[in-house]
Amino acid sequence: MLTLYDVAVIGGGFAGVVAARDLSAEGYAVVLCEARDRIGGRTYTGKAFGRSVEFGGTYAHWTQPYVWRELQRYGIGLSTPPETGTVHWLADGLVHSGTPAEYAGIGGPLVARYMADARARIPQPFDLTTADTSAIEKETLGDRLDALHLCAHDRDVLDGMLAPLVHSYSEQGLAQFLLWAATTFGDWGAFLETAGTWPVEGGTKRLLDAITGESKAELRLSTPVTAIEDDGTGVTVTTRENEHIAARHAVVALPLNTLSDVTITPPVAPPVRTLIDQKHPMRTSKIWARVRGEIAPFAAGAPIGKHPVNAARTEYRHDGDTLVVCFCSDASAIDGGDREAVQRALRTFVPGIEVVDTACHDWVSDEFAQGTWAHHRPGNLTRAVPLMREPHGRIRFAGGDIAAIAVGGIDGAIETGAEAARAIARALAAED
Ligand SMILES: Cc1cc2nc3c(=O)[nH]c(=O)nc-3n(C[C@H](O)[C@H](O)[C@H](O)COP(=O)(O)OP(=O)(O)OC[C@H]3O[C@@H](n4cnc5c(N)ncnc54)[C@H](O)[C@@H]3O)c2cc1C
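For the sequence shown, the numbering used here gives the first residue as 777, with consecutive numbering after it.
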């Protein structure tokens, strides 16, 4: 006999596991369908160089309310960030070097100009409807860069500072950058500290395992879903194996870029359809390089299109060697498995550096991600994205890609998973 679940949650990243835990804690029968043979999605604590490394989302912060609450709930802290050391930056065809303070002294004012209107444009980051975002929603990151009319050197410095978060200046909307800046008081340095400095102690898997350990939901791994149909009285989820799972409601916590592979009935509203079909443009990569010896700490930055590695930083000591994390704006510009290519790229900044091994996960060709974190195209952040957070009959969408505040991050994934769970619990209580 067909089991009728109260809720089917599709996708076992942070959004899905939190939704499943919270709904099952309310006593509802919940099934969580995850395509991969692991939970975590775009966070992935894997193995490389004989130790664990984070291939995807890594960093969290005490100013991120949703993830911080989860960390506190399970008694998990944050690891001490690495020392920065010398900074090398590529600008106007030359590599410049200095202390972090010297680099900040040159780049800081440029970033401040780039983001100067963040708080004025977005006075209440938690409610974008209170702001007139029509002008910034038309701008791309590239439009804003051009509008500053910088000399070649300054433009490269600014580009290199923004580059770890950019794949395409012409496709990414300015509004999301200004939202991020506005959430951290208009201070981009504060945003970077929040978004990319403090790793979850013991890895993101530790937090995910704690959440699923408390969950009473039935977890079905290796279960890709192909269709979700709401007939007005309930939801039927169809898996790739053509199994049908019946539930009263569904949470769809899938990456935005994978949603065009899933048939959703009834059809979503036209702006949401366009958002899904366009996909977000983030095709970046994160590469780990094991470097011989305990080298002096360094960080590096380079503008997009002028170097295959746009940000690099010494991150850990490991067995007498050093692990360097690299962020590449264009995943196709460098093969993360090509040790020599990564070594060549890093030698631009640190001549003689010896890369002994590399590791990375290809998120772009991963069919269950099809990109890294979301960055919305101009016009989508304040229109289609909020619309997608509205109920679609018995279906609720969730995920970091469509979060209201911490869009593109773990905190946003948890925010939307928890909100979807609350909304469905209310609907179920009303029905019962
Ligand atoms: C390289 C990289 C670095 C990042 N760094 C940070 C960081 O330091 N800090 C931060 O906050 N954020 C970071 N992010 C972003 C962060 O990882 C994501 O925003 C967040 O993990 C998204 O969670 P989610 O639950 O919304 O989606 P996901 O984690 O993508 O979960 C969605 C799940 O759906 C599953 N799925 C897909 N298709 C199907 C299907 N058809 N059927 C069933 N299941 C399916 C996937 O396998 C996946 O498990 C980074 C991301 C990447 C890729």
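Using N, Cα and C, we set each Cβ at its ideal position, and we do this for glycine too.
Just so we're clear, the structure is a prediction, and the values are computed from it rather than from any experiment.
Beta-carbon separation (whole angstroms), residue i vs residue j, contact threshold 8 Å
i, j, result
"G949", "R1153", "6 Å"
"Y781", "A1029", "About 15 Å; that fails the 8 Å criterion."
"E913", "A951", "5 Å"
"G1185", "W1149", "7 Å"
"T821", "T980", "6 Å"
"Y1092", "L983", "The pair is not a contact, with the Cβ atoms about 19 Å apart (cut-off 8 Å)."
"A795", "V1027", "5 Å"
"G1176", "V1183", "7 Å"
"R845", "G832", "About 21 Å separates the two Cβ atoms, so there is no contact after all."
"P1043", "R1159", "Not quite, the Cβ-Cβ distance comes to about 18 Å (not below 8 Å), so this is no contact."
"L886", "D930", "6 Å"
"T1015", "T1034", "In fact, because the Cβ distance is near 15 Å, the residues do not count as touching under 8 Å."
Assigned secondary structure, residue i (DSSP; H/G/I helix, E/B strand, else coil)
i, result
"K992", "coil"
"G874", "strand"
"D1097", "strand"
"I1052", "helix"
"T821", "strand"
"F790", "helix"
"E802", "coil"
"A1026", "strand"
"G1077", "strand"
"Y1210", "With the chain covering only 777 through 1208, there is no way to say anything about residue 1210."
"I1186", "helix"
"T1060", "coil"
"H1168", "strand"
"I1040", "strand"
"R1120", "helix"
"W865", "strand"
"H1020", "strand"
"D782", "strand"
"V1140", "coil"
"E1191", "helix"
"R827", "strand"
"A1065", "strand"
"A1199", "helix"
"Y842", "helix"
"D1177", "helix"
"T1034", "helix"
"R814", "coil"
"Y1092", "strand"
"R850", "Looking at the sequence provided, one finds Tyr at residue 850 rather than Arg. Looking at Y850 - three-state DSSP - the assignment turns out to be coil, as it is neither helix nor strand."
"A1087", "strand"
"L1157", "coil"
"A1135", "strand"
"V807", "strand"
"V1126", "coil"
Buried versus exposed, by CB contacts within 10 Å (16 or more), residue i
i, result
"N1018", "exposed"
"A867", "buried"
"K1062", "buried"
"W974", "buried"
"Y835", "buried"
"D1142", "buried"
"D1187", "buried"
"E1116", "exposed"
"R1066", "buried"
"A1075", "buried"
"R1068", "exposed"
"F1173", "buried"
"V1132", "exposed"
"W964", "buried"
"T1060", "buried"
"R1089", "buried"
"G1077", "buried"
"A928", "exposed"
"A958", "buried"
"S1105", "buried"
"T970", "buried"
"Q900", "exposed"
Near ligand 2: residue i beta-carbon under 7 Å from a heavy atom
i, result
"P1084", "For the structure depicted, ligand 2 is absent and the ligand set comprises only ligand 1."
Discussion item. Is it the case that the region 791-808 contacts the region 989-1000, given that we only count it when at least three CB pairs across the two stretches are under 8 Å?
Written reply: yes
Worksheet entry | Meets three-Cβ-pair contact criterion under 8 Å: the region 1096-1103 and the region 868-886 | no
Worksheet item: Is it a yes or a no for the region 1161-1173 touching the region 1076-1088, going by three-plus beta-carbon pairs under 8 Å?
Response: Not touching, per the Cβ criterion.
Discussion item. Just to confirm the assignment: which complete alpha helix (DSSP H) runs, minimum length 4, are found wholly within the region 949-1011?
Written reply: 950-959, 964-972 and 980-990
Worksheet item: Counting Cβ pairs, one atom from each stretch, are 3 or more of them under 8 Å apart for the region 1084-1095 and the region 1117-1130?
Response: The region 1084-1095 makes contact with the region 1117-1130; the number of CB pairs closer than 8 Å reaches 3 or more.
Discussion item. Is it the case that the region 952-965 contacts the region 892-912, given that we only count it when at least three CB pairs across the two stretches are under 8 Å?
Written reply: yes
Discussion item. Ignoring anything shorter than 3 residues, give me the beta strand (DSSP E) runs that lie fully in the region 886-928, in order along the chain.
Written reply: none
Worksheet item: If you pair each beta-carbon of the region 883-896 with each one of the region 933-941, do three or more pairs fall below 8 Å?
Response: yes
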